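>
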Amino acid sequence: MQHKKEKFRLLSGLEENRQALLELVQLAQFSIQWFTQDMEYLLTDNKEFYNAILTFCKRSHNSRLQILLHDSKSLMGRGHRLINLAQRLTSKIEIRATNAEIVKQQPSAFLLVDNRHFYIKPVATQWRAKLQLDNPLECKNNQSLFIDAWEISPADTQVRRLGI
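Residues 0 to 163 in numbering that gives the first Met the number 0 are what the sequence shown spells out, letter by letter.
#1: Less than 8 Å between C-beta atoms, sequence neighbours within five positions excluded: which residues of the same chain meet that for residue 72?
#2: Buried or exposed: where does residue 39 fall if 16 or more other Cβ atoms within 10 Å of its Cβ makes it buried?
#3: Inspect the CB distances between the region 80-93 and the region 123-136 and report whether three or more fall short of 8 Å.
#4: Here's the rule I'm using: 16 or more other beta-carbon atoms within 10 Å means buried, otherwise exposed. How should residue 164 be labelled?
#5: If you check the beta carbons only, do residue 95 and residue 67 fall under 9 Å apart?
#6: Can you check which of these residues, 57, 127, 147 and 36, is closest to residue 8 by C-alpha distance?
#7: CB-CB under 8 Å to residue 26, same chain, minus the five flanking residues each way: which ones, in chain order?
#8: Is residue 22 close to the ligand SAM? I mean its beta-carbon at under 8 Å from any heavy atom of the ligand.
#9: Between the alpha carbons of residue 49 and residue 23, how many angstroms are there, rounded?
#10: Taking 7 Å as the limit between beta carbons, can you name the residues of its chain near residue 4, skipping five residues before and five after?
#11: So residue 86 packs on residue 58, CB below 8 Å; how close in whole Å?
#12: According to DSSP, simplified to helix, strand and coil, what is residue 149?
#13: Determine whether the beta carbon atoms of residue 35 and residue 110 lie at a separation below 9 Å.
#14: With DSSP as the reference, identify every bridge partner of residue 116, one or two as the case may be.
#15: What residue does the alpha helix (DSSP H) around residue 27 start on, and which one ends it?
#16: Assign residue 65 to one of three DSSP states: helix, strand, or coil.
#17: Just the Cα atoms here: how many angstroms apart are residue 15 and residue 151?
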């Protein structure tokens with residue numbers, strides 16, 4: 000990845016989407032806000048993404064990953080590396096459950112980084128997505144959607160580790 004990064008990219012395949020999400024997480028300095036139905040399982044349940052999230056969480060005591068998750072039940076059945084990490088790093092990673100009404104109003108998935116960079120995947124069943132680097136204005140528009148949904152969403156009890 001020594002070449003100059005394009006600020007805007009249209010993505011169309013699994014590998015392009017996987018690399019875009021990894022790139023965004025690697026750019027993150029202080030905040031990641033992620034709206035997702037199932038943590039984009041095929042894109043993010045891998046060692047590289049896990050390590051990038053772990054590095055982000057360790058980067059600063061102020062690092063924060065907020066995940067709005069719609070379908071944690073099926074995710075818990077399949078398992079996902081980030082669920083275990085979220086259970087261990089509760090001060091860094093918070094997962095809240097969305098409801099069907101919120102999901103209808105949002106794209107299938109979007110990930111916002113440091114109020115500057117974002118990824119949007121409009122349709123869950125398609126790989127078409129958009130990656131935008133260094134666009135604080137458009138990121139802010141998407142961030143307000145995230146914050147509105149975050150404020151009315153409860154903590155996701157499905158992903159909490161039981162202290163037994």
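Backbone N, C-alpha and C fix where the C-beta goes; we use that ideal spot for every residue, glycine too.
Predicted model, so just to flag it, every value in this text is computed and none were measured.
Let me lay it out:
#1: Taking the first residue of the sequence shown as 1, we reach residue 72 at position 73. The residues are 157.
#2: The residue you call residue 39 lines up with position 40 of the sequence shown. By the neighbour-count criterion, in which 16 or more other beta carbons inside 10 Å mark a residue as buried, residue 39 falls on the buried side.
#3: no
#4: Nothing about residue 164 can be read from this structure; the chain reaches only from 0 to 163.
#5: Walking along the sequence shown from the start, residue 95 turns up at place 96. Walking along the sequence shown from the start, residue 67 turns up at place 68. In this structure, residue 67 lies closer than 9 Å to residue 95 by Cβ.
#6: Numbered from 1 along the sequence shown, position 9 holds the residue referred to as residue 8. Of 57, 127, 147 and 36, the residue nearest in Cα terms is 127.
#7: Stepping through the sequence shown from its first residue, residue 26 is reached at position 27. So the list reads 112, 113, 116 and 132, once near-sequence residues are dropped.
#8: The ligand SAM is not part of this structure, which contains no ligands at all.
#9: On the sequence shown, position 50 is the one that residue 49 refers to. On the sequence shown, position 24 is the one that residue 23 refers to. Computed Cα separation, rounded: 13 Å.
#10: Translated into the one-based positions of the sequence shown, residue 4 becomes position 5. Closer than 7 Å at Cβ, skipping near neighbours: 132.
#11: Counting from one through the sequence shown, the residue named residue 86 turns up at place 87. Counting from one through the sequence shown, the residue named residue 58 turns up at place 59. Incorrect: roughly 20 Å between the Cβ atoms, too far for contact.
#12: Numbered from its first residue, the sequence shown carries residue 149 at position 150. Three-state DSSP puts residue 149 in a helix.
#13: In the sequence shown, counting from the first residue as 1, residue 35 sits at position 36. In the sequence shown, counting from the first residue as 1, residue 110 sits at position 111. The answer is yes: Cβ separation under 9 Å.
#14: Within the sequence shown, the letter at position 117 stands for residue 116. In DSSP, residue 116 forms a bridge with 112.
#15: In the sequence shown, counting from the first residue as 1, residue 27 sits at position 28. Premise fails: residue 27 is in no alpha helix (DSSP H) and is neither H nor E.
#16: Locating residue 65 in the sequence shown gives position 66, counting from the first residue. Looking at residue 65 - three-state DSSP - the assignment turns out to be strand.
#17: Here the question's residue 15 lines up with position 16 in the sequence shown. Here the question's residue 151 lines up with position 152 in the sequence shown. Between the alpha carbons of residue 15 and residue 151 lies a gap of roughly 32 Å.
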